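Written below as structure tokens is the structure these notes are about.
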Amino acid sequence: MRPQVEFWLITGLVILSRIGDGLSTYWVTPDLSRELNPLAAGGWPALIIAAAAMLTLSTILHYCYLFRPIGNFPPTPGYDLSAFKRYYFDPYTNRTLATQTIRVLAYVFGYIMPRTIIIWSLLLITNNLLTAFAVEPYIALKQAYPVWLAFYVMLLILALVFLERLQRRDFSWYQAKV
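For my numbering, add 13 to where a residue sits in the sequence shown, where the first one is 1.
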């Protein structure tokens, strides 16, 4: 996919998924009394400001990933995937990471963050819809277990899945390049 198309597609999906989460949250709990997000204590203004900040950061980082990529690759051929992954985040052997840490992190998070936000937002929308429609098995599950904790764990899992995906993509580029 062309970088310009990917940029607008992913950015649009981030915006739509965040709007969907906001609208479904409002539908379920207009006064935020049932909202699990700790920022809900600040009311809707705090949630909107946080969402705008997340969107801005996600967009900037995604731009860096697509239009300012950095070759965070071993300088010599012959690395297998496992060795490549170790090299990727080792500032002692990886000169690119050691000298351009911010650029490498912007590149990595530029891939991970928007994709994680999209999937996580869809999970939150699903939670809101199941709550709004009072789907009994789900309501019982939420009453019996701290389901909200699963959403935050899922955030970490999604980020790790996308990191793995990025490293495999970069490994493929590394193999083709050297």
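For glycine and all other residues, C-beta sits at the position ideal for the given N, C-alpha and C.
Quick caveat: nothing in here was measured; it's all calculated off a predicted structure.
Rounded to a whole number of angstroms, what is the C-alpha to C-alpha distance between residue i and residue j?
i, j, result
"S71", "F20", "11 Å"
"I61", "L68", "10 Å"
"P16", "F80", "7 Å"
"F175", "N141", "24 Å"
"T188", "L137", "Correcting the residue type first, residue 188 is Gln in the shown sequence and not Thr. About 38 Å."
"F146", "S37", "11 Å"
"T24", "R108", "31 Å"
"Y124", "I130", "11 Å"
"N85", "R182", "12 Å"
"Q156", "T144", "11 Å"
"A148", "L168", "The sequence given here has Val at residue 148, not Ala. Looking at the two C-alpha atoms, the distance is approximately 23 Å."
"P51", "T112", "37 Å"
"W186", "P150", "46 Å"
"R99", "L179", "14 Å"
"L162", "I170", "12 Å"
"R128", "V27", "8 Å"
"A64", "L110", "30 Å"
Can you tell me where the alpha helix (DSSP H) holding residue i begins and where it ends?
i, result
"Y165", "160-190"
"T112", "108-112"
"G25", "16-41"
"A157", "149-157"
What do you get for residue i, buried or exposed, if any count of 16 or more other CB atoms within 10 angstroms of its CB means buried?
i, result
"W133", "buried"
"M126", "buried"
"V121", "buried"
"E177", "exposed"
"Y105", "exposed"
"S46", "exposed"
"S95", "exposed"
"W117", "Here residue 117 is Val; the residue named in the question, Trp, does not match the sequence. Counting Cβ neighbours within 10 Å, V117 comes out buried, since at least 16 surround it."
Could you check if residue i belongs to the surroundings of the ligand PLP, using beta carbon to heavy atom distance under 7 Å?
i, result
"M14", "The ligand PLP is absent from the structure shown, which contains no ligands of any kind."
Minimum length 4: unbroken alpha helix (DSSP H) runs contained in the segment 61-109:
94-101
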